[in-house]
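Participant: Line order of the protein sequences matches chains A and B. Heads up: the first sequence at position 39 corresponds to 39 in the numbering used here, and the numbers run straight through without jumps. Heads up: the second sequence at position 14 corresponds to 14 in the numbering used here, and the numbers run straight through without jumps. Virtual Cβ for every residue (Gly too), placed ideally from N, Cα, C.
Protein chains: 2
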Amino acid sequence: MPPNKPSTRDTILDAAETVVARDGSRRLTIDAVAAEASVSKGGVLYHFPNKIALLTGMVERMMSEIGDEIARAETRARDAGKPPLVEVFASMFDRSESQNGLSTALLAASAEHPELLDPAREILSTTFQRLAEETPDPVAAHILMLAMDGLKLSVLLDFNHIPDHQFQPIRDRLLSMARELYA
Amino acid sequence: MPPNKPSTRDTILDAAETVVARDGSRRLTIDAVAAEASVSKGGVLYHFPNKIALLTGMVERMMSEIGDEIARAETRARDAGKPPLVEVFASMFDRSESQNGLSTALLAASAEHPELLDPAREILSTTFQRLAEETPDPVAAHILMLAMDGLKLSVLLDFNHIPDHQFQPIRDRLLSMARELYA
DNA sequence: GCACATAAACCGTCCAGACGGTACAGTCAA
DNA sequence: TTGACTGTACCGTCTGGACGGTTTATGTGC
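Below you can see the structure in the form of C-alpha cells.
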C-alpha cells in the first residue's frame with residue numbers, strides 16, 4: 001500500500017509538536033500551528049474547537065502511541081521468549097533517536113494546563129509499576145526505567161550531555177542490565 | 001545571626017519558580033510574579049528590566065546553586081576519601097525532595113527562549129562528562145546519572161511513578177551502585 | 001543631633017500588540 | 001448535497017514594557 005497521506009488532524013498535531021520543539025511551548029499559538037501545518041486558522045479550529053482540545057489531542061495521541069509501542073514490544077517479547085523490559089527499552093531507544101519531539105506534548109500541556117497530564121500520569125505510573133513488578137528485582141528495574149526517563153529529558157530539553165560516541169555503548173549496557181534483571 | 005531576610009531579588013526569583021510549578025510556565029507573567037512576591041509590577045521590572053532578564057536570572061541562579069552543591073559534595077568526598085559520585089548523588093536526592101521547583105527554571109526558559117539554556121547545557125554536559133570520566137566505568141556512571149535525570153523529570157512534571165515506599169530502597173540502591181562503580 | 005541631598009528601591013498606570021475565539025460567506029472535491 | 005476546509009474581519013482580554021511618581025535608605029555637611 002502507498003504511504004497514504006496523513007489526515008489533516010494528524011498534520012496539525014505534527015505541526016504543533018514541531019512548533020514546540022523549535023520555538024518553545026510559549027509560541028504554541030493557534031496561528032503558529034496553522035502556519036506550520038499550511039492550514040488556515042479556521043481549519044485548525046474546525047478540528048480542535050479550542051486550544052485545550054488541541055493540547056488534549058497532543059497528549060492523547062502521544063499516550064496511544066506509547067501504549068501501542070509498549071504493547072507491541074511486550075507481544076514481541078512474549079513470542080520470542082525474551083524479557084519484556086529489554087524489548088521495551090530497545091524500542092524506546094530506537095525511537096528516541098528519530099522522533100525527538102514526541103514528549104513535546106508533555107511540555108506543551110504542562111505549560112498551559114498542567115492538569116491535562118493527570119490521565120497520562122496515571123497510565124504511565126501504573127504501566128511502569130507493572131513492568132517493574134514483573135521482574136525479579138523491581139528496585140533495579142525502576143532505576144533502569146528512570147535512566148530511560150533521563151534520556152527522554154535530555155532529548156526533550158536538548159541536553160545531550162551524552163557524547164555521541166558513547167550513545168551506543170550506553171544503549172547496549174542498559175539493555176544488558178535489563179537482561180540481567182531476569183537472571 | 002538572625003535568618004536575614006532574603007533580598008527582594010531572590011524573593012522574586014522564588015515567586016517565579018512557584019508560579020511555574022503551580023500554574024505552568026505559560027502563566028509565568030510579570031504580573032503573576034509580582035503578585036506572588038508581594039511586589040508591584042514596577043518593582044519586578046526594577047530588578048529585571050525585561051522578561052528575558054528574569055528568565056536568565058532564574059537559570060543563572062539555578063546553575064550556580066547546582067554548581068555550588070556539586071563542588072561541596074566533591075570537597076566532602078575528597079576530605080572523607082569517599083567516591084565523589086556517591087556524594088553528589090546523595091546531595092541531589094536529599095534536595096529533590098524538599099525543593100521540587102528547582103528545575104522549573106529550565107521549563108520556563110525552554111518555553112519562552114530555548115536558547116537561554118545554551119550556557120546551562122554546556123556547563124552541565126562538561127560537568128557530567130567529567131564526573132563520568134573520573135570513574136573506572138564511565139558507561140555505567142552515565143547510566144546512573146541518567147537515572148538521576150529521570151528522577152528530576154518525574155519531579156518536574158509531577159510524574160511520581162515511583163511509589164513512596166520504594167523511594168528509599170531506590171535511593172539506597174542507586175547510591176550503592178555508585179559506590180560499586182569504584183570497586 | 002539634624003537638616004538636607006542623592007540615589008536606590010519600589011509603585012501604579014497606560015498603551016500597543018498578541019492571542020484566543022467567533023462569525024460568516026465562499027470554495028471545492030467526493 | 002455535504003463535509004472539509006479557506007479567508008477575512010472582528011472582539012475582548014492579556015501581556016510586556018515604558019514611564020513618571022513616590023517612598024526608603026544612605027550618607028554629608030554643619
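Which residues, in order along the segment 144 to 171 of chain B, keep a beta-carbon less than 9 Å from a beta-carbon of chain A?
Facilitator: L144, M145, L146, A147, M148, D149, G150, L151, K152, L153, S154, L156, L157, D158, F159, N160, H161, I162, P163, Q166, P169, I170
Participant: Can you say whether B:D118 is buried or exposed, counting buried as having 16 or more other CB atoms within 10 angstroms of its CB?
Facilitator: Numbered from its first residue, the second sequence carries residue 118 of chain B at position 118. B:D118 should be labelled exposed.
Participant: Using a cut-off of 7 Å between C-beta atoms, extract the partners of B:V139 located in chain A.
Facilitator: Indexing the second sequence from 1 puts residue 139 of chain B at position 139. Going along chain A in sequence order, the residues near B:V139 (Cβ under 7 Å) are Q166, P169, I170, R173.
Participant: List, in chain order, every chain B residue whose beta-carbon is nearer than 7 Å to that of A:P189.
Facilitator: Chain A is shown from 1 up to 183; residue 189 of chain A falls before or after that span and cannot be answered.
Participant: Answer with yes or no whether the minimum CB distance from A:S176 to chain B is below 8 Å.
Facilitator: Here the question's residue 176 of chain A lines up with position 176 in the first sequence. No, A:S176 does not count as interfacial toward chain B.
Participant: Who are the near neighbours of B:L144 in its chain, counting only those whose CB is closer than 8 Å to its CB and skipping five residues on each side?
Facilitator: For the purposes of this step, residue 144 of chain B is taken as the residue at position 144 of the second sequence. L85, F89, L174, M177, A178, L181, listed in sequence order.
Participant: For B:S184, decide whether its Cβ has a neighbour in chain A, counting only Cβ atoms nearer than 8 Å.
Facilitator: Within the shown structure, residues of chain B are numbered from 1 to 183, placing residue 184 of chain B beyond reach of any answer.
Participant: One question on the structure: do B:Q129 and A:P138 come within less than 8 Å of each other, judged by their Cβ atoms?
Facilitator: Locating residue 129 of chain B in the second sequence gives position 129, counting from the first residue. Locating residue 138 of chain A in the first sequence gives position 138, counting from the first residue. No; because the gap between Cβ atoms is not below 8 Å, this pair is not in contact.
Participant: Please compile the residues from chain B whose C-beta is within a distance smaller than 7 Å of the C-beta of A:A111.
Facilitator: The residue given as residue 111 of chain A occupies position 111 in the first sequence. Per Cβ cutoff of 7 Å: G24, S25, R26, A111.
Participant: Which residues, taken in chain order from the segment 115 to 130 of chain B, show a beta carbon closer than 7 Å to some beta carbon of chain A?
Facilitator: L117, R121, L124, S125, F128, Q129
Participant: Determine the DSSP secondary structure at B:H161, reduced to helix, strand or coil.
Facilitator: Translated into the one-based positions of the second sequence, residue 161 of chain B becomes position 161. B:H161 falls in the coil class under three-state DSSP.
Participant: DSSP state of B:F167, grouped into three classes?
Facilitator: For the purposes of this step, residue 167 of chain B is taken as residue 167 along the second sequence, with counting starting at 1. In the structure shown, the three-state DSSP call for B:F167 is helix.
Participant: Look up B:Y46 in the DSSP assignment and say whether it is helix, strand or coil.
Facilitator: By 1-based counting over the second sequence, the position of residue 46 of chain B is 46. In this structure, B:Y46 counts as helix in the three-state DSSP scheme.
Participant: With a CB to CB cut of under 7 Å and the five nearest residues on each side skipped, what residues in its chain are close to B:H47?
Facilitator: In the second sequence, the residue the question calls residue 47 of chain B occupies position 47. Setting aside the 5 residues that flank it on each side, B:H47 is surrounded in the same chain by T8, R9, I12, each with a C-beta closer than 7 Å to its C-beta; the list follows chain order.
Participant: So B:G24 is in the alpha helix (DSSP H); what residue range does that whole segment cover?
Facilitator: The residue labelled residue 24 of chain B in the question sits at position 24 within the second sequence. Run containing B:G24: none; DSSP gives neither H nor E here.
Participant: For A:R106, go through chain B and note every residue whose CB falls closer than 8 Å to its CB, in chain order.
Facilitator: Within the first sequence, residue 106 of chain A is the residue found at index 106, counting from 1. Rather than Arg, the amino acid found at residue 106 of chain A in this sequence is Leu. Residues of chain B with a Cβ closer than 8 Å to the Cβ of A:L106 are, in chain order, L157.
Participant: Taking only the alpha-carbon atoms, compute the straight-line gap between A:A77 and A:E87 and give it to the nearest angstrom.
Facilitator: Position 77 of the first sequence, counted from the first residue, corresponds to residue 77 of chain A. Position 87 of the first sequence, counted from the first residue, corresponds to residue 87 of chain A. Cα to Cα, the separation comes out at about 6 Å.
Participant: For B:A141 and B:M92, I'd like the C-alpha separation in whole angstroms.
Facilitator: Position 141 of the second sequence, counted from the first residue, corresponds to residue 141 of chain B. Position 92 of the second sequence, counted from the first residue, corresponds to residue 92 of chain B. B:A141 and B:M92: Cα-Cα distance of roughly 15 Å.
Participant: Buried or exposed for A:G150, please, with buried defined as at least 16 other CB atoms from any protein chain shown within 10 angstroms of its CB.
Facilitator: Here the question's residue 150 of chain A lines up with position 150 in the first sequence. Buried, since its Cβ has 16 or more Cβ neighbours within 10 Å.
Participant: Quick one: residues in its chain with C-beta nearer than 8 Å to the C-beta of B:H113, no 5 flanking neighbours on either side, listed in chain order?
Facilitator: Sequence index remark: in the second sequence, residue 113 of chain B carries index 113 (1-based). Taken in chain order, the residues that qualify are I52, L55.
Participant: Along the chain, where does the alpha helix (DSSP H) containing B:D149 start, and where does it finish?
Facilitator: Position 149 of the second sequence, counted from the start, is the residue given in the question as residue 149 of chain B. Taken as a continuous stretch (DSSP letters only), the alpha helix (DSSP H) holding B:D149 covers 138 to 156.
Participant: Taking Cβ positions only, does A:H142 come closer than 8 Å to chain B?
Facilitator: The count along the first sequence starts at 1 and reaches residue 142 of chain A at position 142. True, the Cβ-Cβ gap to chain B drops below 8 Å.
Participant: Just tell me which of B:I30, B:A147, B:T135, B:K152 has its CA closest to the CA of B:P83.
Facilitator: Indexing the second sequence from 1 puts residue 83 of chain B at position 83. Cα-wise, what sits closest to B:P83 is B:T135.
Participant: My assumption, with CB atoms under 8 Å, is that A:L124 sits in contact with B:F159. Please give the rounded CB distance.
Facilitator: Your numbering for residue 124 of chain A matches position 124 in the first sequence. Your numbering for residue 159 of chain B matches position 159 in the second sequence. A:L124 to B:F159, Cβ: 6 Å. Contact.
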